[in-house]
Amino acid sequence: MDHTKGSGAPAEPVADARRAPAAWAGLTALALLVLFTGALVGLFGPLLAIACDACQDGVRTPRHGDALIAVARGAVPLVTLGTVLGIFLPRGGAKAGGAGLGVLVLLLVVMQALSA
Numbered sequence: 345m346d347h348t349k350g351s352g353a354p355a356e357p358v359a360d361a362r363r364a365p366a367a368w369a370g371l372t373a374l375a376l377l378v379l380f381t382g383a384l385v386g387l388f389g390p391l392l393a394i395a396c397d398a399c400q401d402g403v404r405t406p407r408h409g410d411a412l413i414a415v416a417r418g419a420v421p422l423v424t425l426g427t428v429l430g431i432f433l434p435r436g437g438a439k440a441g442g443a444g445l446g447v448l449v450l451l452l453v454v455m456q457a458l459s460a
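Counting in my numbering, the sequence shown runs from 345 upward without gaps.
What follows is the structure, encoded as structure tokens:
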């Protein structure tokens, strides 16, 4: 085996991992979007789930009411907080924000399914 290749060569310079101000502004805007979406899903998701046009008082009793509340008060805030923290991690960024927004939309669909 020839160990001369790469063994004595100086290390390549590491690219500067700091983010530009424009990147910080974009990530901040994404974090605000995640916070806004999390608030909407957490506050209005259960209301949308129990709304009923055909019901006399406009509200239906969900089959899995406890699970609906657990998702709205437990899972949505945890996903929102985890996503915002993931956005500002050095390797997180927009991927974490996109995944978090997707999970929030999925939780909204789960809330709708729990009330059916």
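Idealized CB from N, CA, C, for every residue including glycine.
**Report entry** For residue 410, the first and last residue of its enclosing alpha helix (DSSP H)
**Finding:** 409 to 414
Query raised in the report: So what's residue 395 in DSSP terms, helix, strand or just coil?
Result: strand
Requested in this report: Count the other CB atoms, across all protein chains shown, that sit within 10 Å of the CB of residue 372; report buried if there are 16 or more and exposed otherwise.
Outcome: exposed
Report task. Could you work out which residue in 445, 433, 453 is closest to residue 412 when comparing CA atoms only? Result -> 453
Requested in this report: Tell me whether the beta-carbon of residue 444 lies closer than 9 Å to the beta-carbon of residue 430.
Outcome: yes
Query raised in the report: With 16 as the cutoff for other CB atoms within 10 Å, does residue 365 come out buried or exposed?
Result: exposed
Requested in this report: Over the uninterrupted alpha helix (DSSP H) stretch that includes residue 421, give me the two end residues.
Outcome: 420 to 431
**Report entry** Other residues of its chain near residue 437: CB distance less than 7 Å, five sequence neighbours each side excluded
**Finding:** 371, 431
Query - Cutoff 7 Å; reference residue 381; Cβ partners in own chain excluding five residues on either side - result: 445, 448
Query - Neighbour-count burial assignment, residue 440, 16 or more Cβ in a 10 Å radius - result: buried
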